[in-house]
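Numbering (my numbering), first residue to last: 536 to 803.
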Ligand code: ADP
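Here it is as C-alpha cells:
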C-alpha cells in the first residue's frame with residue numbers, strides 16, 4: 536500500500552475530458568472505474584487528480600491473495616493484547632481519502648462484499664469483525680482500475696453497483712503526446728523520444744502474435760531512461776521493451792528485427 540501527499544502536481548498530460556469527468560464524479564460522491572491496458576497513465580492520472588482535489592491518495596496494488604481483511608483491517612497481537620488495525624480501505628473511508636485499487640480484478644471475489652455498499656449510493660463500509668458500519672467521510676472516493684481483457688471481481692459486481700460507477704477509458708496515447716511524455720519522463724531529446732515512440736506504435740500496429748501485452752508508454756519511458764544513461768536506442772529497447780514483453784525466442788527475434796529497423800545504434 537502506498538499513501539501519498541504531494542508537494543507539487545504530478546506531471547500529467549490530459550488526453551481528452553478525463554479530468555472533467557473525474558472531478559464531476561468526485562463532487563457527486565460517485566465511484567470511478569479506470570479501464571485500460573497497463574502502463575498507459577491510469578496511476579499517474581489518479582495522482583494528479585488527488586493533488587488537484589487536495590485529497591490524500593491511498594493506493595492498493597491488488598493481487599490474487601488480497602482478502603477483505605487486507606483491505607478492511609484485522610486484529611493483531613501487540614504486547615499480549617489484541618488490537619484492531621485499520622486496513623487501507625478503512626483508513627481512506629475515515630480520512631476522506633481517494634482509495635485507488637489498482638488492478639482490482641486481481642483481488643479475491645469475496646472483496647466485492649465490502650466494495651458493493653461503498654461503491655454505490657450508500658457509501659458505507661461494513662466492518663463485520665467490529666460489528667459496525669462506517670459512513671464514508673466527505674472526500675472519500677473509490678477508484679478502481681482494470682484491464683478489460685481479464686475480468687473477474689468486476690464481472691461479479693452487481694449491475695446495480697457497476698451502473699453507479701463512472702467509467703473513464705484509457706488507451707494508447709496519440710504519437711505527439713507520447714513523444715512529449717517520453718522526452719519529459721526520460722529526460723531525453725524529443726527526436727530520440729519520437730524514434731522510440733514510432734517503434735512502440737509499430738509494435739502496437741502489428742499486435743505481435745504471442746505478446747500478452749504490447750509496448751506501453753511505461754516501457755518506452757524505461758528505454759528512454761537507458762538512452763539517457765548513454766545506451767544506444769537499440770540496446771535500450773532490447774533491454775527495456777523486448778525483454779520484458781516476451782520470453783519466447785521467435786517473438787524476441789521478431790522484435791529485434793523491428794528494433795533494428797526503427798532504432799539507431801548510436802548511443803544517446
Ligand atoms: P498504469 O497505471 O495505467 O499502469 P502509469 O500511470 O503508471 O500506468 O503510467 C506509466 C507511465 O507513463 C507513468 O509513470 C508516466 O510517466 C507515463 N504516462 C502515461 N500517460 C501519461 C500522461 N497522460 N501524462 C503524463 N505521463 C503519462
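Glycine residues also receive a C-beta, built at the ideal position from the N, C-alpha and C atoms.
Given the structure is predicted, the values throughout are model-derived calculations rather than measurements.
By the neighbour-count criterion, in which 16 or more other beta carbons inside 10 Å mark a residue as buried, residue 566 falls on the buried side. If you look at residue 736, you'll find it in the alpha helix (DSSP H) that goes 725 to 741. Residue environment: residue 544 is assigned as exposed (fewer than 16 neighbouring CB atoms within 10 Å of its CB, all protein chains considered). Shown here for residue 706: same chain residues with a beta carbon closer than 8 Å to its own, the five before and five after excluded, namely 571, 572, 575 in chain order.
Contact annotation: residue 752 and residue 713 have beta-carbon atoms nearer than 7 Å. Placement of the Cβ of residue 547 at a distance of less than 6 Å from at least one heavy atom of the ligand ADP is found. Inter-residue distance for residue 561 and residue 553 is about 12 Å (C-alpha atoms, whole angstroms). Taking 6 Å as the cut-off, the C-beta of residue 716 counts as close to a heavy atom of the ligand ADP.
Short note on residue 575: C-beta closer than 6 Å to some heavy atom of the ligand ADP. A straight-line Cα-Cα distance of about 46 Å links residue 631 and residue 770. For the pair residue 654 and residue 673, the Cα-to-Cα distance works out to about 14 Å. For residue 665, same chain residues with a beta-carbon under 7 Å away, outside a window of 5 residues either side, are 619 in chain order.
If you draw a straight line from the Cα of residue 701 to the Cα of residue 603, it comes to about 23 Å.
Here DSSP, grouped into helix, strand and coil, assigns residue 710 to helix. Apart from the 5 residues on each side of it in sequence, residue 682 sits with its Cβ closer than 8 Å to the Cβ of 570, 571, 572, 573, 638, 640 in its chain, given in chain order.
Look at residue 586 here: in three-state DSSP terms it is helix. A direct Cα-Cα distance of roughly 15 Å separates residue 756 from residue 798. Under the three-state reduction of DSSP, residue 700 is assigned to strand.
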